[in-house]
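Heads up: the sequence shown runs through residues 1 to 898, numbered per full-length UniProt numbering.
C-beta: ideal position from N, C-alpha, C; glycine also.
Since the structure comes first, as structure tokens, the remarks are kept for the end.
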Amino acid sequence: MEHHEVMVKGMNLVRELERDLKVANVICMNGRRHLNSSMNEVSRDLIVNTNSKKKQALSDVLPVLTELIHAMDMQNALESLVEDEDFCKAFQVLSEYLQLLDGFSELSAIKEMSKGVEVWLGKTLQKLDALLLGVCQEFKEQNYLTVVDAYALIGDISGLAEKIQSFFMQEVLSETHSVLRMVMLEDQELNQQNSRLTYSDLCHQIQESKFRKCLLQTLAVLFNLMCAYYEIMSFQLEDEEGRAMNSDSSDRLLSSKLLEESAGSTSHFESSRDSSVDMALDSGSAPSASISPRYQLRKDATDFVSQTLQRGRKNLWQLTTSRVSVLISSAAVSSMSIHQFLRIYEDLNTFMLAGENFCGVEATEFRNKLKAVCENYFTAFHRQTFYALKMVLEKENWLRLPPEMAHVITFAGLLGDGAALIVPSGISARELHSDKSGNSADASCRKGGFSHWLKSGNVFFQKISGNSKECQSPNLFNGTIARGLDGAVGDYIHGYKDSPRSTNVNHVNGYSASEEENEDLLADFIDEDSQLPSRISRPNLPKRNPHVSDEDSIAQTGSSLSLLRSMDKYARLMQKLEIVNVEFFKGMSQLFKIFFYFIFEVFGVPSNSNSKGTSDSLNYRLKSAMSRVTQDCDQWLKPHNVPVPSSLNDLTSTSSTTSFGLLSGASLGLKERCTAADTISLVARILHKSKAHLQSMLFRNNAVIVDDFYANLVDTVPDLVDYIHRTTARQLLHISGYADRIAAAKWEVKELGLEHNGYVDLMLGEFKHYKTRLMHGGIQKEVQDILLEHGLEIVAETLTEGFSRVKRCTDEGRALMSLDLQVLINGLQHFVSANVMPKFQIVDAFIKAYYLPETEYVHWARAHPEYTKSQIVGVINLVATMKGWRRKTRLEVLEKIE
1 MEHHEVMVKG
11 MNLVRELERD
21 LKVANVICMN
31 GRRHLNSSMN
41 EVSRDLIVNT
51 NSKKKQALSD
61 VLPVLTELIH
71 AMDMQNALES
81 LVEDEDFCKA
91 FQVLSEYLQL
101 LDGFSELSAI
111 KEMSKGVEVW
121 LGKTLQKLDA
131 LLLGVCQEFK
141 EQNYLTVVDA
151 YALIGDISGL
161 AEKIQSFFMQ
171 EVLSETHSVL
181 RMVMLEDQEL
191 NQQNSRLTYS
201 DLCHQIQESK
211 FRKCLLQTLA
221 VLFNLMCAYY
231 EIMSFQLEDE
241 EGRAMNSDSS
251 DRLLSSKLLE
261 ESAGSTSHFE
271 SSRDSSVDMA
281 LDSGSAPSAS
291 ISPRYQLRKD
301 ATDFVSQTLQ
311 RGRKNLWQLT
321 TSRVSVLISS
331 AAVSSMSIHQ
341 FLRIYEDLNT
351 FMLAGENFCG
361 VEATEFRNKL
371 KAVCENYFTA
381 FHRQTFYALK
391 MVLEKENWLR
401 LPPEMAHVIT
411 FAGLLGDGAA
421 LIVPSGISAR
431 ELHSDKSGNS
441 ADASCRKGGF
451 SHWLKSGNVF
461 FQKISGNSKE
471 CQSPNLFNGT
481 IARGLDGAVG
491 DYIHGYKDSP
501 RSTNVNHVNG
511 YSASEEENED
521 LLADFIDEDS
531 QLPSRISRPN
541 LPKRNPHVSD
551 EDSIAQTGSS
561 LSLLRSMDKY
571 ARLMQKLEIV
581 NVEFFKGMSQ
591 LFKIFFYFIF
601 EVFGVPSNSN
611 SKGTSDSLNY
621 RLKSAMSRVT
631 QDCDQWLKPH
641 NVPVPSSLND
651 LTSTSSTTSF
661 GLLSGASLGL
671 KERCTAADTI
681 SLVARILHKS
691 KAHLQSMLFR
701 NNAVIVDDFY
711 ANLVDTVPDL
721 VDYIHRTTAR
731 QLLHISGYAD
741 RIAAAKWEVK
751 ELGLEHNGYV
761 DLMLGEFKHY
771 KTRLMHGGIQ
781 KEVQDILLEH
791 GLEIVAETLT
801 EGFSRVKRCT
811 DEGRALMSLD
821 LQVLINGLQH
831 FVSANVMPKF
841 QIVDAFIKAY
851 YLPETEYVHW
861 ARAHPEYTKS
871 QIVGVINLVA
881 TMKGWRRKTR
891 LEVLEKIE
């Protein structure tokens, strides 16, 4: 135990030695491994060093071959991208391709590739322009963005905008020409001469049957071009371009695959191309807060194009309207029917509303052109209607129409409760046309701008398809079948042929009993003489027209009905042809003027036998109205030689011929004369009912025309009626020669007897015969009473005229005049139920004027304007003679009176 510590230390040393030996063993093994590794590396280095010269030679040639392979791959990629219409990436590759060629310009192969770049660029621009032309014809967003990106990369955005405008102008010219040529020559062989006709020549050669087809197809292609122009002009990029960028990344990867067809040695070109494309096209697939360069470039380009197109859209609209104006100047427009013309007007008005929303300004020039076309058509239409009405008047026999027919005749267009002549198919008329500038449909169109029309689609294509369906049925015209009114009335308007067999009262004037209950059905009428094809005659009893009373229904004649139907048609046309509604109102007033003039000429002019000295003088209103009518209708009032119809008359007075070629009213009977007065009164009453409606259809600045027409003509009808009745009474009451007989009686008597003069009994006899004629004349009791009153007035005027012609008369003679007057009044009272005395106060006052002092005659003459100048002069001369006035006094009194 003494050496225990020594032993322990020895054992520890042994352990440390053992651990050191193990560490040394590990170090030796690692050294041996590192020596083996170094030997292997030295062996490899020796092999490389052995082949270094050969490897250096190959390395010098390899970059040149690699770039040539890159150039060929890029050349193939350019062709492939152009075929795929990926022009944006093609121009990007072109930039790199040109840079690559510039680096090896001394090689002959590179020189050949450089020559092919110009050829490729020309073909690419042609294909790009073809794609742009397709965008102009029909807008497609992807194609448009492709074109914009391509032009943005080449830095020619202004050229793109000008080219777009130029393409649209060319399309307007070429499309309108090709449409006309295709429609007009579809049934002919396209020979060389016809194929070279200009657009204006084709317009002048359009047949009436093909005009609307040409118009609709022309408007359809122009509307499509306007839509494409507007879509390009209003195109805006979305704020979030993630989806577009992702699609662009996919396209970039697809294009990259075209360059990976070479061997792995092309990795250098691929990496460099990817980096350049990423910098130019995208800043990352995920959305970022900053705008990508490509999006900003595209947005700037589209904004510049949009602004340029906005400034140039008026030029496109002007060219468009000029082409349409040449088309509607065709002679076929003036010769077509009113139905076809209304359709054409509706088509043009629809196009004009769309164009105004397109260009943002009112189409003043085109509106004036359309107004001129409408005015020319109205002139021809009105001339034909006017002479047709004149012919009806010349052949009128003044017989009343059956009351049952008048009950169902409506004048909805004139009175304001009717529908338009034509309602467009495929779109509501309220959406396309407004009777006033404040119409809600027009307001909505203007509020929505042209986008409203863009969303609605091409309405003209819809009408073209609708026309093809209508043409399959020869009797259908816009969903209606023309029907006649009555053979006795006849249809004379614009060449219409009404059939006498079409007398079904359920459909007279184009309306059935059930149709009047539904305004939408009424809106489907072309004309007041038309009905829906789907509706058939029903056994229902006809409803009475609420605007026609029983009195009115028995006052209708063929001529009044023809006049009212014409005026009703004009009123409907005022609603449809709003642009010339003033002209139609003037035409309507001329139709009434010719009717007014005719009745005055035939029934208001007294016969020659009793016109001398006893003819009624026209009052101021009637004289002024006739002067206006004569001035306004002078060109229409030329006499025509027409057969004279047989007339029913009980008068034997000599007839005279009027400017209408008819016998005057003296050759017509009492019944016909009263019918004429009643029928013009009926027309005036209907016109008064329609005044508010007519004023509502005209613009405010034209309201004075309506007021002038009513104040100066329609309101004069009662004066004309009174004048006709007075003329009738004068012709039936045969006392025209009694004024001379009264003047020839002996009035210079010294004593007053108990007997009256003989002319009194003769006049009472004539009045009795007059009343008998009235009672057996087939006229209404109210008219008889009116004519009896006029007869009394004529008797009073005859007495006054006869007394004014007396040359010498004593005071007893004046008393005898009063006796004759009293006897005559008592006798007439037996024939007339009303009080007779007021009618003869004019005679009594004239007799009493004999007793006035000489200083009162001037005042008396001015206080009694009912006496004529000759009558006043006659009584003054008589008093001066019998009372011994001095000649100077008599002349002074007469001078003051004059």
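In the displayed model, Thr-728 falls within a helix according to three-state DSSP. Residue environment: Asp-149 is assigned as buried (16 or more neighbouring CB atoms within 10 Å of its CB, all protein chains considered). For the region 292 to 368, the continuous alpha helix (DSSP H) assignments of 4+ residues that do not extend past its boundaries occur at 293 to 328, 331 to 335, 338 to 359, in sequence order.
Collapsing the DSSP output to three states places Thr-198 in coil. Here the alpha carbons of Cys-136 and Ala-228 stand approximately 6 Å from one another. Relative to Ser-736, the option among Asp-708, Val-717, Ile-794 whose CA is nearest is Ile-794. For Gln-695, the CB contacts under 6 Å within the same chain, skipping 5 residues up- and downstream, are Ala-703, Val-706 in chain order.
Looking at the backbone, the Cα of Ser-559 and that of Leu-591 are separated by about 11 Å. For Leu-788 and Ala-729, the gap between their C-alpha atoms comes out near 8 Å. In the three-state DSSP reduction, Thr-557 falls in the strand class (E or B).
Contact between the region 771 to 788 and the region 823 to 841 is present: three or more C-beta pairs spanning the two stretches fall below 8 Å. Sorting Leu-348, Ile-686, Leu-754, Val-93 by C-alpha distance to the C-alpha of Ala-815 places Leu-754 at the top. Judged by their CB atoms, Tyr-759 and Ile-742 are nearer to each other than the 8 Å cut-off. With a cutoff of 8 Å on beta-carbon distance, Asn-757 and Asp-820 are scored as near each other. Between Ala-796 and Val-873, the C-beta gap is not smaller than 8 Å, which leaves the two residues out of contact. Distance check between Leu-121 and each of Leu-81, Tyr-144, Asp-347 places Leu-81 closest, using alpha-carbon atoms only.
Scanning its chain for C-beta atoms nearer than 8 Å, with the 5 sequence neighbours on each side dropped, one finds around Glu-365 the residues Gln-318, Thr-321, in chain order. For Val-326 and Lys-463, the gap between their C-alpha atoms comes out near 22 Å.
Using a 10 angstroms sphere on the CB of Ser-690, the tally of other CB atoms reaches 16 or more, which defines it as buried. For Lys-746, no alpha helix (DSSP H) run applies, since DSSP gives it neither H nor E. According to the DSSP secondary-structure assignment, Arg-400 is paired through a beta bridge with Thr-557. If you draw a 10 Å sphere on the C-beta of Ser-37, you find fewer than 16 other C-beta atoms in it, and that means exposed. Within the same chain, and ignoring the five residues on either side of Leu-774 in sequence, the residues whose Cβ sits closer than 6 Å to its Cβ are Gln-784, Leu-787.
Burial is judged here by how many other beta carbons sit within 10 angstroms of a residue's own beta carbon; Gln-575 has at least 16 and is buried.
Rounded to the nearest whole angstrom, the CA to CA distance from Ala-711 to Asp-632 is 16 Å.
In this structure, the beta-carbon distance from Leu-713 to Arg-628 falls below 8 Å. Gln-829 and Gly-791 have their C-alpha atoms roughly 13 Å apart. Listed in chain order, the alpha helix (DSSP H) elements of length 4 or more contained wholly in the region 826 to 880 are 841 to 848, 857 to 863. Apart from the 5 residues on each side of it in sequence, Glu-208 sits with its Cβ closer than 7 Å to the Cβ of Ala-332, Ser-335, Met-336 in its chain, given in chain order. A straight line joining the alpha-carbon of Lys-671 with that of Leu-720 spans about 17 Å. For Leu-225 against Glu-171, the beta-carbon gap comes to about 6 Å, under 8 Å, which counts as contact. Ala-555 has its alpha-carbon roughly 11 Å from the corresponding atom of Gln-780.
Taking the CA atoms as reference points, Arg-886 sits about 11 Å from Val-879. Comparing alpha-carbon positions, the option among Glu-898, Leu-35, Phe-600 lying closest to Pro-865 turns out to be Glu-898.
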